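Enquirer:
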Amino acid sequence: VVTPKHVIFASSSEYLYALERATGKLVYRYQIGHGSGFSGGLAFDPVKNWLYALSRGGNLLSFTYQP
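Throughout the sequence shown, residue numbering follows the numbering used here, covering 1 to 67 in sequence.
1) Using C-beta distances below 6 Å, list every residue in its chain close to PRO67, excluding the 5 sequence neighbours before and after it, in chain order.
2) Counting C-beta neighbours from all protein chains within 10 Å, is the total for LEU26 16 or more, i.e. buried, or is it exposed?
3) From the DSSP output, in three-state form, read off TYR15 for me.
4) Given a threshold of 16 other Cβ atoms within 10 Å of its Cβ, counted over all protein chains shown, does SER60 qualify as buried or as exposed?
5) Ordered along the chain, which non-local residues of its own chain (more than five positions away) have a Cβ less than 6 Å from that of ILE8?
Here's what the structure looks like:
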């Protein structure tokens, strides 16, 4: 997901990352559990600032995005 300030992505291992768009600097890393990982891409609701992701275990996860 690309926002005006950040690039946000999830790994297949266990983390959700947010990088500063202009510099690539890591600004956020969230661990969902060792070996859990994410399945597929993220969905973003820019009106309500929510990120949605599906874990490899089949759980739908939601995160509030605060620019």
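The C-beta atom is built at its ideal place from N, Cα and C for all residues, glycine as well.
For clarity, every value in this text was computed on a predicted model and none was experimentally measured.
Expert: So, from the data block:
1) For the purposes of this step, residue 67 is taken as the residue at position 67 of the sequence shown. Closer than 6 Å at Cβ, skipping near neighbours: LYS5.
2) Translated into positions along the sequence shown, residue 26 becomes position 26. By the 10 Å Cβ count, LEU26 comes out exposed.
3) Position 15 of the sequence shown, counted from the start, is the residue given in the question as residue 15. Note: TYR15 maps to strand in three-state DSSP.
4) Start at 1 with the first residue of the sequence shown, and residue 60 comes out as number 60. The residue asked about is misnamed: residue 60 is Leu in this sequence, not Ser. Classification of LEU60: exposed, given that the 10 Å Cβ count is below 16.
5) For the purposes of this step, residue 8 is identified with residue 8 of the sequence shown, where counting begins at 1. Within the same chain, ILE8 has close Cβ partners VAL1, ALA18.
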